[in-house]
Each structure stands twice: as structure tokens, then as C-alpha cells.
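A.B. asks: Here it is, the structure in full.
Protein chains: 2
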Amino acid sequence: MCNMEVMCIVSFGRYTRPKFNLVLLIILQLSLHTVEGVWPLPQSFTSSTERYPLNPKAFYFGYGRQSAAQQDCSVLDAAFKRYFSLIFPDYTSDNLSVSAGQASLNAETVWGALRGLETFSQLVYQDDFGTYFVNKTEIDDFPRFQFRGILLDTSRHYLPVQAILKTLDAMAYSKFNVFHWHIVDDPSFPYQSRTFPDLSSTGAFHPMTHIYTQSDVRRVISHARLWGIRVLPEFDSPGHTQSWGKGQSDLLTPCYRGSTPSGTFGPVNPVLPSTYQFMARLFKEVSSVFPDSYIHLGGDEVDFSCWKSNPDVRAFMQKMGFGGDFTKLEAFYMEKIVNITSALKKTSIVWQDVFDYHERIPKDTVLHIWKGTPASYKEELSRMTKAGMRVLLAAPWYINHIAYGQDWRNYYTVQPLNFSGTEEQKKLVIGGEVCMWGEYVDATNLTPRLWPRASAAAERLWSDEKQTSSVDEAFPRLQDFRCKLVRRGIRAEPLHVGHCKHEYQGV
Amino acid sequence: MCNMEVMCIVSFGRYTRPKFNLVLLIILQLSLHTVEGVWPLPQSFTSSTERYPLNPKAFYFGYGRQSAAQQDCSVLDAAFKRYFSLIFPDYTSDNLSVSAGQASLNAETVWGALRGLETFSQLVYQDDFGTYFVNKTEIDDFPRFQFRGILLDTSRHYLPVQAILKTLDAMAYSKFNVFHWHIVDDPSFPYQSRTFPDLSSTGAFHPMTHIYTQSDVRRVISHARLWGIRVLPEFDSPGHTQSWGKGQSDLLTPCYRGSTPSGTFGPVNPVLPSTYQFMARLFKEVSSVFPDSYIHLGGDEVDFSCWKSNPDVRAFMQKMGFGGDFTKLEAFYMEKIVNITSALKKTSIVWQDVFDYHERIPKDTVLHIWKGTPASYKEELSRMTKAGMRVLLAAPWYINHIAYGQDWRNYYTVQPLNFSGTEEQKKLVIGGEVCMWGEYVDATNLTPRLWPRASAAAERLWSDEKQTSSVDEAFPRLQDFRCKLVRRGIRAEPLHVGHCKHEYQGV
């Protein structure tokens, strides 16, 4: 059993930091083999050349006597089995009963314990004769940022559930803890809603083969939970909603050419009461399907031209006294949506556009920076945190953009807190996110494009910046980590010329 | 049996063109479904909306009565089985005995027949109820260029044999016919030589897990042959040979710092008779292991600084009257190597550097252009063909270079014969090659980086340029072809937002 109170501590908050200590004390035999490293780098790490052989037959994970979590804690029981296989890939386990050695992992939460197991698994290596070893090591570790996310876009291309599950596995290996599921957008609406089944039956690429059923979503959430990963759903509106319109009439704004409808549609229609009735019902469902306390409402890239063309929208603008300022209409809409989700006890995340156009967004909303060069996103960080808002940084980690060569170096050298502001302001940066937008990505190429490039951002979000300031020093450790990913069956692409002891054997 | 004389016609020559005619005459039932297209586009293509259902239970391939090839022709017997499965992926074949319909494929050679089978397989489609159809179609087809190659680099990263075999399959789907195996280079020497086993036992990344045994090579060659693909081996020298030096002492030039050896080594040592004895024995082996009539000798990027530093090399230069012109030394070396392979009845291919430095290379050598912008490689095409040399173009198809977005468009819009020269000169361009250098590529990411980007070059090398001048018109057909690749189990990456009826289901 695991104390659910304890487990819940790990929800990322404004100032608190979950923390864990990993202390390995197994002592057996000297060695010259040096530890190849852990990715992302722990906050404090001391190891010696003393190494201790591990006998898979006599290796087990157990709960400490004083541990709040004990056997039957499903998250850790499952993690123990997983990590046994990850640590001893050659060994087919039948029982894990024989006791030997002494290693201890102290964590304040179950989720911290999961991170510690990952660290431990990376410390184990094999010598040339196949014997498993771990060096004497003491580690004290905690994440620098509480929100370490990856966005997958399942609208521009559909990703089979298996591809998502595999990505969750790999995320845990780099200590990512948030899966931002950009589940719907203009091109397709694969989420099969209980309340509005027409949204996917007409808005998905295919109503049966290219959808996520309720059971698919539950499977993703429960798989993620076992890896200590939260699932943050995004239902982006009022823009990016072309696919919504196929299954929900009167939801989108009819665009006009002159005085007649052109037959095309723009963003969600903000002037009809039916719009907010629909949204309230949709978000009520989404809030119960996705248990996370956060919900992403989008709000980016709203094109005003269709709203401008529509006489009903213009009449509404006049009635509301918005003049010709359509950002006020957008603000009106977003506030209504935020209020709907607030009433459902969810905290909203919105893209930066919502703040850029109108700063009167509710204070507990989290702002998500996606635009600009380092100079401009740093200014945005200053401005938002000065306004007392919590911020998530994605702009430097648009990993869907590819370039020839070692572009991971760019992701690694980001300094998220290197902006002008007080210490209090810096604490408002709750983390960062790697975005894999789906224009050119589906299950055929997702994994090699994501790994190990995303791992570079993972270390930046987890580790101490001063200890990880050298990209050249990180290189061999990341190469080694990439080979560990390959060994675990993740098609992580190479960083440069070279080889892994165990190459990827699939085709 | 198939007439081996006939089969051998397909070796690419200077002026002759193998040619085949594919005539489909099955006539059964009308339809509104339009043909989605063939990639690369046939030279002549007429289809109607008349469509004929195909019953997998009653479908078979057979030899025409007047065909020179008859049953027991192993290449076509194997191709018939393969293409049956490719055309009817849902159907588990047990027998193919029932006769029905009338379609005919006339080809001058077995290899032409293979291309025709590929074309036919792309014409078959399924309606929404799963019934297979083919539209009434007449095709007359032949390749624009005889040499349509893909280079894989197995030195910078080792590629498991399975990854090579899978690439050969995909090559045939785009009608590529040459696998240029850049098998060794500076980083590693994975070819396990019978004559010089030390080359791989010390020069490979690992002497057992990262090598190509004689049996591996035979497997690649025989698999390629069944797909109508030639295997062109490259043993690049005198540069790009660092890995060779590990297993063959005195082969590389010792570099000097002042008057003492620095401990590092440069290109192959051109002044020792032992060098040429070694090369003669190595190429004798290679010539018998790789049956193709062509052999690639490299010759690119020779760095003269180590030669310059070495007193023995300088003394040799003086003795030979080369003055300070090290290109003369390189020419001396390359001539000796070309003479070795000529004596083995092989035609040599060399990178353009060899021609750039000294034009007195034997006339039947093929020159391989890899450098420069369109302006500069066009000038090189002019210059080389004016000198009467046959040329292969690779420069615009360095597909290892990646960029965000639809870079396949750049590969598609290449005009290989758009250079200043006579008709006779243009005939000397025997084809082109897509190069996938291995700095950032191994089995984890090879397939999605190669496909369908390489297919863009494939159409340029096969099809009529005038009929394929519009990249926008090619786009939907290439998207459709990419889905066909995915359906066949090739992890071909998406070109843009969208979906395939059958998505890639692996992870």
C-alpha cells in the first residue's frame, strides 16, 4: 500500500519542491571501471572506483521498514518489476526472493522514488564478461523545475496508442513528468467524446481507426501514472478548431464575403450563448476524463479576419463597447472559458497570446511561452513574472524543427532563468516543455526525432545549471545515455559518428 | 529457367537502354474510382475509369508462351511470390493456381520485368469494401537513366544486415537499381576480409558484432539481385583510410612533426611497393566477392599535409620529378590502383577529385560528382563530358543533410542534363545517386530519413523530365506512394499534415 496523501505531494506547485535522497551502500569489491554517468545529472553525486557485483538471481527491490509506502503500493510494485528488467536485460526473472547487499533509496514521495529507481538503473553496468556492477555512490537529488513536459500533437498526424505509450516510457528515462497531449487541432479531432461523439466521427481522419476512445485515454493516463507522468490535455480554442466544426454545427464563426456567407468558417463563434453551453459540457467531460488538476486551453494564433467579416460578430462588438479591438473579444471569450474550467476546479494553462493581448487573465492561470528568439522570450519571461503570473517555457525547445548536425546543443545551452527579474520572479518559472508539433511527424519518425534531442532539454530542466554548463562535457554522457535508450528498445538516433555495444536491431 | 544471356543485358551501358512494355488487358467492370498513380511516373501511361476486380484466390503470375524466361527462372519466380503478397497484403496465399483475367507484361529482360511487376503492384487498390481493383491501363516504360543509386555508409555507423536488406526492398519500390556500399572509411572497417582478417578484427567497432562476414555480403548481394539491384562496393583510398591502418602495418603514411614521427598517420603511403602488393591482393578478393563489373575506388578529399611532412614521401617526389605538386603523387597513386582493378576486368568509378586534380585518368573510368552548388556541378558536368568521360551525379542528392519542411522538393526539381554541352555529352551522364552519409544515421533513423525523400530523386532518374516538371502535381502522388511504402512496412516519414488509411503500427 502507498499512502495516497504522500503520493499527491508531487503535484507541481508554486514554491514547494518534492525531494528525494538516493543512498547506495552496497559494498563488495574494488574495480577500475568508472561510472559512465547518469542523465540528467543528479544535483549531488559522489562515486568511487569501488564497485560491487550484482547477482540478478539475488537482487531485489523492497520497501524500507520505516517507509510510508509498503508492499501493495501499485506504483512502486510495478516500478520494481520494470526496473529489474531494465537493469538486467539479459536475465529472465522467475523469482526475486534471495536477499543480498545493502542499498537504500529514501524519497519523500512515491514519485521521487520512481526517479531514484531510474537513477539507480543507470548506475548499473556490465563488464566485458557480462557481470553486472554498481559503483559505491551517494546521490542527493531533486528536480530544478517541477514541470518538465513533452507536447505531442495527435491532430496533424494521428499517433497510435502504442506510440504514445512507448514515448511515455522514454520520457521517464529522462525524468520528464508531464505529457502535454495536444489532442485536437484544425486538421483532425481524434478524441472520442462521450457527450459529443460527432466531433470525432466526422472530425477525425477516420471515425474508427484514427480516434482515441475513452478506454485508449484511460490506458494512456494509467500507463503515465505508473511512470510518474501527469497527462495534461489541451483543447485549444477559439482558433485551431476547424475539425471541431465538422461535428458541431453553429460552433464556428461563418465567414462572410461582403454581405453573404462565403461557406468557410473561422474561429469558435464567441457571440452565441450555445457556444458556451457546448464548451461547458465538453470541459465538464474532459475534466472528469483527465484527472490532472491542470488543463490547457490554448488561445493561440486567433485570426480576426473571419470575425471581422461577420455582421453578427460586429454587432456584438458594438453592443459590448469593444470598438474595433478584436483582442477584447478574444479576451471576453477566453475569460468565459477560464471561468468554466475554474468552476470545475481546474487550473488553466494558456499560450502566451492570451497574456500578450490582455493582461487581465485570472492570476492563477499559467502562461505558456512559445514565441520568439532568446532575446524576446526573455523579455516575455520578465514581463509575465513581473505581473505575478506563473510561466512555462517552450519557445527554445520546438524540437519539431530539425537541422543538420548536433542541434541538441542548442536545446542544452538554454538558460531558462537568465532574464531580468527578482528572485521571487524566477520562482514563478515552473518549468519547461519540449514541443513536437506534428506537421512532419507521425509514428514512423517520432521516436528518432524526439530522442535523445529531448533529453538535452530534460537535463536542463532537472539538473543544476552550474554543474551542467559545459555542452562538451555533456556530450559523451549523452552519447552513453543514448546507447542506454537503444538498449532499452528506444530508437534514439545517434549524436555523431560511433557505435553502441548493443545496436538497434529492428528494421 | 531464365536465359542468363538475357538477364545480363541489364548491366548499364553507355548507350543501350533496357526497355520494357507493360500492357494490362484485364477487362471486367466499370468504376468511378480513379487510379492514384504510380511512382516514379511511367514514360507513357494511359488509364481509364474502367476497373476490374481482382480475386486473390484466382490471381496468379505466369510466364507468357513466347517468353524467353520460363518457370524456374529464380529471379522472376521469387518476384511473383513477393509481389503477390505486396498486392494482396490481407490475403494469406496457399496456392495461386486458378487462372482468370488477361494482363500481359512484356519486357526485354528479366530486370525490366521486375520493374513492370512493381508498376503493376502500384496500380492495384482496394475499394472501401476491401475488394481489389485494377483500372484498364496501358503503360510503355523504360528508365531515363541507367544508374539510379543509393549510397549507404556503414563505416561512420554500422548498419545491421537486416537494415540493409530492408533498404534494398524499399529501393526496388522506387525503381532504384544500384546499391553503392560505402563499406569502409576512417571510423571503422567492418568488411571481414578473407585475405586480411586483421583489417576488421582491429579496425571494426567490434570484431564480432560490428562486421560484415563473407556470408553477410553474399546475403546482401543475392537479396539485391532478386530485386534487380546491383551492389557496387567502395573501398575508398588513399584518404579516408584511418581504420585500415589499425590492421595493416606500414599501410598508412607516418606523419612527422619536424624530423620525428608524430605518432599519427595520414593517407595510404604511396611510396612503398608493399602498399601496391597489399592493394592488389585486397582488390583481387573484393573483385571476386562482389560480382558487379563496377568498383568504386574513392579518391576523394586527400589531405596532403601528412605526405608533405614525411621525408620519405618528399624524397620520392623528388625522384619522380613531381616537384612540390602533391596532386601528381595522388594521380600516380590512383593510376596504380585503377590499373590493378582494370587488370581484374573491373570498370572503376572515382569521386570527382581525381579528375579535378589530373585529367589523365583512363577514359573508361566513371567520374562521380559530389561537390558544389547547382552552378558549379553543372560546370563540372560540362567539363567532364567534354573530356569524353562518363559521369554520375550525386551532388544535389546529399540526403543526409536535413532541413525542416519539404526538402524533397529540392531533390525533385534537379535537372541533371541542364548543363551546357552537346547531345553526345548528355549521353555520358549515366545516372545519379542519393548519398546517405552516416555521421548522424544508423539503424534507428535510416529508414524515415531515406523514405520518401529518396523517392523524389528516384522519379527524377526514372521518369521523363517534361512529364514531371511540376513539383506540386507530384505532391499528392508522392503522398500516396508514401502511404504505399508504410503499408508495405517501410517506416517512410510523412510529407505534411494528413494520414494514411493504414498507419505505421510499429513503435
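Top to bottom, those sequences are chains Z and U.
In our numbering, each number is its position in the first sequence, counted from 1, plus 33.
In our numbering, each number is its position in the second sequence, counted from 1, plus 33.
We treat Cβ as the ideally placed atom computed from N, Cα and C, and that holds for glycine.
1. Residue range of the alpha helix (DSSP H) that PRO407(U) falls in?
2. If you measure beta-carbon to beta-carbon, which residues of the region 242-274 of chain Z are closer than 9 Å to chain U?
3. Taking a cut of 9 Å between CB atoms, which residues from the region 421-451 of chain Z lie near chain U?
4. Of the residues that make up the region 515-532 of chain U, which ones have a beta carbon closer than 8 Å to any beta carbon in chain Z?
5. What are the start and end residues of the beta strand (DSSP E) that includes CYS288(U)?
6. Taking the alpha-carbon of ILE328(Z) as reference, which of VAL371(Z), SER292(Z), TYR366(Z) and PHE359(Z) has the nearest alpha-carbon?
7. At a Cβ cut of 7 Å, what residues of the region 190-202 of chain U count as close to chain Z, listed as they run along the chain?
8. For the beta strand (DSSP E) containing HIS213(Z), name the first residue and the last one.
9. Any beta carbon of chain Z sitting closer than 9 Å to that of LEU65(U)?
10. Who are the Cβ neighbours of PRO266(Z) in its own chain at under 7 Å, not counting the five residues just before and after it?
11. Could you tell me whether any Cβ in chain U is nearer than 9 Å to the Cβ of ARG486(Z)?
12. In three-state terms, what does DSSP make of VAL530(Z)?
13. Using the DSSP secondary-structure output, state which residues sit across from SER77(U) in a beta bridge.
14. Can you pull the chain U neighbours of TYR473(Z), defined as C-beta to C-beta under 9 Å?
15. Whose C-beta lies closer than 7 Å to the C-beta of PHE238(Z) among residues of the same chain, with five residues either side of it excluded?
16. Taking contact to mean 3 or more Cβ pairs, one atom from each stretch, closer than 8 Å, check whether the region 447-458 of chain U and the region 409-424 of chain U are in contact.
17. With a Cβ-Cβ cutoff of 9 Å, do LEU156(U) and ALA146(U) count as a contact?
18. Please state the DSSP three-state secondary structure of VAL383(Z).
19. Straight-line CA distance for LEU518(U) to ALA102(U)?
20. Based on Cα-Cα distance, which residue from LEU119(U), LYS379(U) and SER488(U) lies nearest to TRP430(U)?
21. Can you check whether the C-beta of GLN538(U) is within less than 9 Å of a C-beta belonging to chain Z?
22. Measuring straight from C-alpha to C-alpha, what distance separates PRO303(U) and LEU528(Z)?
23. Spell out the partners DSSP gives LEU185(Z) in its beta bridges.
24. Which ranges would you report for the alpha helix (DSSP H) in the region 472-537 of chain Z if only whole runs of at least 4 residues count?
25. Can you name the residues of chain Z whose CB is closer than 8 Å to the CB of PHE180(U)?
26. Assign GLN281(U) to buried or exposed, taking buried as 16 or more other Cβ atoms, counted over all protein chains shown, within 10 Å of its Cβ.
27. For the beta strand (DSSP E) containing GLY539(U), name the first residue and the last one.
28. What separation, rounded to the nearest whole angstrom, lies between the Cα atoms of PRO294(Z) and PRO344(Z)?
29. Going by alpha carbons, who is nearest to ALA476(U) out of GLY531(Z), ASN433(Z), GLY438(Z) and THR501(Z)?
30. When burial is assigned at 16 or more other CB atoms within 10 Å of the CB, is PRO230(Z) buried or exposed?
31. Reducing DSSP to helix, strand and coil, say where SER226(U) ends up.
32. Using a C-beta cutoff of 9 Å, does LYS534(Z) count as contacting chain U?
33. Going by beta carbon distance, what residues of the same chain come within less than 6 Å of ARG442(U), once the five residues before and after it are set aside?
34. Check whether the Cβ of ARG482(Z) lies closer than 9 Å to any Cβ atom in chain U.
35. Output yes if chain Z places a C-beta closer than 9 Å to the C-beta of ASN478(U); else output no.
36. Pull up the distance between the alpha-carbon of ARG493(Z) and that of GLU466(Z), whole angstroms please.
C.D. replies: Concretely, from the data shown:
1. 407-419
2. THR242 and HIS243
3. ASN433, HIS434, ILE435, ALA436, TYR437, GLY438 and GLN439
4. VAL519, ARG524, ALA525, GLU526, PRO527, LEU528, HIS529, VAL530, GLY531 and HIS532
5. 285-290
6. VAL371(Z)
7. HIS190, TYR191, PRO193, GLN195, ALA196 and LYS199
8. 211-215
9. Confidence in LEU65(U) is poor, its pLDDT being 34 and thus under 50, which makes the residue's placement too unreliable to answer from.
10. TRP214, ILE216, VAL319, PHE323, ILE328 and HIS329
11. no
12. coil
13. ASP173(U)
14. TYR437, GLY438, GLN439, GLU526, PRO527, LEU528, HIS529 and VAL530
15. TYR191 and SER221
16. yes
17. no
18. strand
19. 29 Å
20. SER488(U)
21. yes
22. 35 Å
23. TRP214(Z) and MET469(Z)
24. 479-483, 486-495 and 504-520
25. Within chain Z, no residue comes near PHE180(U); the closest Cβ sits about 26 Å away, beyond 8 Å.
26. buried
27. Neither: GLY539(U) is in no beta strand (DSSP E) and is coded neither H nor E.
28. 10 Å
29. GLY531(Z)
30. exposed
31. coil
32. yes
33. VAL504
34. yes
35. yes
36. 11 Å
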